[in-house]
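Protein sequence lines correspond, in order, to chains R and S.
In terms of the working numbering, the first sequence is residues 236 to 735.
In terms of the working numbering, the second sequence is residues 2 to 498.
Note that CB positions come from ideal geometry on N, CA and C, so glycine has one too.
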Amino acid sequence: MAKDRLNEVLERYEAVIGLEIHTELTSLNSKMFCGCPVEFGGEPNTRVCPVCLGMPGALPVPNQAAVEATVLAGLALECEIARFSQFHRKNYFYPDMPKNYQISQYDLPFCAHGHLDVEVGEGDAAYVTRIGITRIHLEEDTGKMIHVGGSEGRIAGADHSLVDFNRAGTPLIELVTEPDIRTPEEARRFAQTLRTIFLALGISDCSMEEGSMRVDANVSIRPRGAVELGTKAEVKNMNSFKALHDALAYEIVRQADLVDAGGRVVQETRHWDAAAKRTSALRSKEEAHDYRYFPEPDMVPFEFTEEWIAAIRERLPELPAARRDRYVQTFGLPKHDARLIAEDVPLAQFFEQAVDAAGAKLAKPVANWVLGELSAHLNATGAAVGSCGITPEMLAELVVLVDEGTISGKQAKEVFAEMAESGDMPAAIVERRGMRQVSDTGAIEAVVVKVLAEHPAEVESYRSGKSGLIGWFVGQVMREMRGQANPAVVNEVLKQHLDQ
Amino acid sequence: MAEPRRIVDMTGAQIADAIARKELSAREAAEAALAEIEALEPRVHAFNQVTPELALQAAERIDAMVASGESLPPLAGVPVAIKDNMNLIGTRTTCSSRILENYESVYTCTAVERLLAAGAVPVGKCNMDEFAFGSSTENSAFGPTRNPWDLERVPGGSSGGSAAAVAARMAAVSLGSDTGGSIRQPGALTGTVAVKPTYGRVSRYGLVAFASSLDQIGPFARTVEDAAAVLQAIAGKDPMDATSVDEPVPDYRAGLEAGVEGLRVGLVTDMLEMEGCAGEVRAAVENAARVLADLGAEVGEVELPMSRHGLSAYYVIGPAEASSNLARFDGIRYGHRVKDAEDVLDLYMRSRAEGFGPETIRRVMLGTYALSAGYYEAYYGQAQKTRTLIIREFADAFERFDVLLTPTSPTVAFGIGEKASDPLAMYLSDVYTIPLNLAGLPGISVPVALCSESGLPIGAQIAARHFDEATMFRAAAALERALGLDMTPPLVAERQR
Ligand SMILES: [Zn+2]
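What follows is the structure in structure tokens.
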């Protein structure tokens, strides 16, 4: 869809978007209410027990670490933490739900009334928008249905269905935003920023592809200046940040076209088809659901003390925005570079360790190497920063070698390639390959004297005004020294001799 | 107590003692119980499943311990029957329902596991009202259990099988579950000692839930001492049940002889005056109060006017929780499933309609309605408020008294079929027991008389403060000693001859 079309629509209509984001707490050791491990995939129904299968008589016991992770997320997003909270049962029948109720939270979520400041756009067009967070609560995930015999695994036309309960009972936090989002780009940036925070908190791997982070959106439009909200549609099945953006852009234009043509937006759930690049209404058996929420009697309510909340707050790590600001202020990194590193927890750790080893004054070249050669290497090999064979100490040593003039920048790139291959320290590689750059003035001077003696005509031309010849002299000296001379020193010594 | 005539007439304590002294083997005790079951079961129908293999295996382990001189656990060799809503590996757990008719336990209930670890020998799984919905054990998909005192009468319910098994001496002790009186009421109707512990005292893990906020597992026995010993074995915090409480478990048997001198006993007068309370029941409870006073207790009177609203609150909260707890019986993963379902909705609806009996369907519908949007506040919300008021009323009463004395059931055992078509009359059977469940308090039913007319047992209920089962047992034991009743049902007397 043309971007112009969306912009044109957004000139006349204001989009009102709220997000509902489910994130699996994948970093926990066990499920929400039993001891089964939390992992992605695996043979169906191999990570199950009487509790997460809803066998008769089995009881849920809340995973304390999941409660703490939820409160940690709430604190990171400036939420108020409930002093009294509890789980409720959400009752509805579905085969992927072993108990036919989901243990969730209702009117007493752990966290409420938070916000997240999101930076949108680049350069002069950049702005910050504050998105309110209505609530964050904890619940259990369902199992997975596998529909057999239909098209593309969809339920329509399927002959029968199978259920895999490996995912059932995985701790899931649900975050609901206020309808404060106005553009698809703001929605994308919110989700991306949230992801970097959850990654920094270490509570989830936040993989939209594997479904450990799932974003649904409520979208409506209203004429610019109007106060009353339009009828909203809920959009589901957006499996990437791009899909989130594109689905919302499509949906806003669809609603505008409908209203422009005199039609009416219907409240419904719509499915994003990334291949067809369109949303379509789900086969609607939209009965108004009555979930018959009531307090979960198998558990006692939670009463959080100030001390307990303070102890969780102690565990808050430095968040990406604060880290980025520190990189700008302390190391003088450009804001864009600082953000790229700060939002990637392993990369930021690597960067900081390398800066520790190289010294803070070399933070800028370290950042350049991290975002340049190192990132390119990671992309090319698909390796994770922690296991790519290059350590922060190796990179720091390389940056120092360049800074001290031991090798040139060009040589450094060769050394990087070799250390990525061999895992050897850069100094050892420089030594082995005889790359050590000559900065010894005496050795260079001897070659300079020899070169000048061999080319009296060029010396004459230079001295009579063709100062551009200096580069040619440098080249001659470098060739004599097989490229190992420090070009700055060569330049200086040449000038001393030519200008005398 | 008279010298036991047969092995099955021995109490649990006597059996464990005799085994320790090598006067009896665990195998002999198990075989005697199994033989008694074989003889009486066709007439009583206390069991859904008899487990001779499990019993003999357990007995052999005890005998091996005796032979090797190991120290024996407290209930070594004591035959125990288990209500069929508790999971035990190697048995079906049916809850007396068609929907679970062939359901094999995949793990063992914590309370059962603890009881077996204490040396008890499991002889079978007991009949009950389907999913514990009832007060007569007539709501079983597998037919009613009969009262050993009069085979034409009900044993009470829902733990009627567990009560009848102990009364008929097919087991020395048994486990039941009590949500609104399902242990104490059948205890009263069968002349057995029956205990509902404090909510949280015994783990519910492995007990198929009826109403999670009310359910507790507890013992039936023929003596207070045996009941105390069984609770001793099963009580205590369980990491698998978040509502079980980490309170120390005192030695219940140690205080049984201490008497009631100075104990403050509150006779709940408005309960005695309640319409529907049979004259002989009232007289028997008043007599029990006098006996306690004679033993040195300070008996006073107290009224609990809020408690009469307990029944209404209970019939909202119980079904509400049950409607959700029973949702898992859907024919998808286990249990009864229709063969020719058209789609998943059809599979749910017909599997449940075929699998559940009429009382279960009534409660599920009642509870679903009570939780529905627009009705929640009027029903569930109101019931919870009533519950809070009842809790406060008891708290006030326990400022003045150490234990409270009430009837257990307003009547003696009624005839099979007598109340089957009148659910409200049936629900009234639990009017004295329900308030304790709502308040989470412990209660014990002890036999206090035999009806002069019918010869049927009458029970009194003694309630105590939260986690103060020790005081409750002490008062019950004093009453038991002072009354010295012979609680031998005619059926048992016939077998003894
Ligand atoms: Zn599990």
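query	result
Cα-Cα separation between residue 263/R and residue 413/R, rounded to whole angstroms	28 angstroms
Among 204/S, 340/S, 45/S, 67/S, the one whose alpha carbon lies nearest that of residue 1/S	Nothing in the structure corresponds to residue 1/S, since chain S is present only between 2 and 498.
Residue 286/R Cβ short of 7 angstroms to ligand 1 heavy atom set	yes
Under 8 angstroms between C-beta atoms of residue 486/S and residue 292/S	no
Local conformation of residue 48/S per DSSP, three classes	strand
Proximity winner among 615/R, 670/R, 626/R, relative to residue 642/R (alpha-carbon distances)	670/R
Three-state secondary structure assigned by DSSP to residue 2/S	With a pLDDT of 49 at residue 2/S, under the threshold of 50, the predicted position of this residue should be treated as unreliable, and no value is reported.
Run of the alpha helix (DSSP H) containing residue 267/S, from where it starts to where it stops	Counting along the chain, residue 267/S falls outside any alpha helix (DSSP H), though it belongs to the beta strand (DSSP E) covering 265 to 269.
Extent of the continuous alpha helix (DSSP H) run through residue 733/R	722 to 733
Check: residue 266/R C-beta below 7 angstroms from any heavy atom of ligand 1	yes
Stretch pair the segment 445 to 456 of chain R + the segment 256 to 271 of chain R: three plus CB contacts closer than 8 angstroms	yes
Beta-carbon proximity of residue 475/S to residue 256/S, cut-off 8 angstroms	yes
Bridge-paired residues (DSSP) for residue 673/R	720/R
For residue 486/S, the three-state DSSP class (helix, strand or coil)	coil
Sheet register partners of residue 465/S (DSSP bridge)	404/S
Element boundaries [beta strand (DSSP E), containing residue 220/S]	217 to 222
Where residue 418/R falls: helix, strand or coil (DSSP)	coil
CA nearest to the CA of residue 441/R, picked from 625/R, 275/R, 588/R	275/R
Runs of alpha helix (DSSP H) wholly within the segment 433 to 519 of chain R (minimum 4 residues, chain order)	476 to 495
Reduced DSSP category for residue 90/S - H, G, I as helix; E, B as strand; rest coil	coil
Three-state secondary structure (DSSP) of residue 23/S	coil
Residue 278/R versus 482/R, 379/R, 311/R, residue with shortest Cα-Cα distance	379/R
Endpoints, the beta strand (DSSP E) within which residue 179/S is located	174 to 179
Where the alpha helix (DSSP H) containing residue 326/S begins and where it ends	311 to 326
Where residue 501/R falls, given that 16 or more other Cβ within 10 Å makes a residue buried	exposed
Residue of 585/R, 467/R, 612/R, 648/R minimising C-alpha distance to residue 253/R	467/R
Residue 283/R Cβ short of 7 angstroms to ligand 1 heavy atom set	yes
Heavy atom of ligand 1 within 7 angstroms of residue 207/S beta-carbon	no
Below-8 angstroms beta-carbon distance, residue 551/R vs any chain S residue	no
Closer than 7 angstroms at the beta carbon, the chain R residues around residue 207/S	292
8 angstroms CB neighbourhood of residue 441/S in its chain, flanking five on each side removed	199, 200, 201, 392, 467
Residues that residue 94/S contacts on chain R, provided the C-beta gap is smaller than 9 angstroms	291, 292
Any C-beta of chain S under 8 angstroms from that of residue 534/R	yes
Three-state class that DSSP yields for residue 337/S in the structure shown	coil
C-alpha gap between residue 248/S and residue 395/R, whole angstroms	50 angstroms
Closer than 7 angstroms: residue 314/R CB and nearest ligand 1 heavy atom	no
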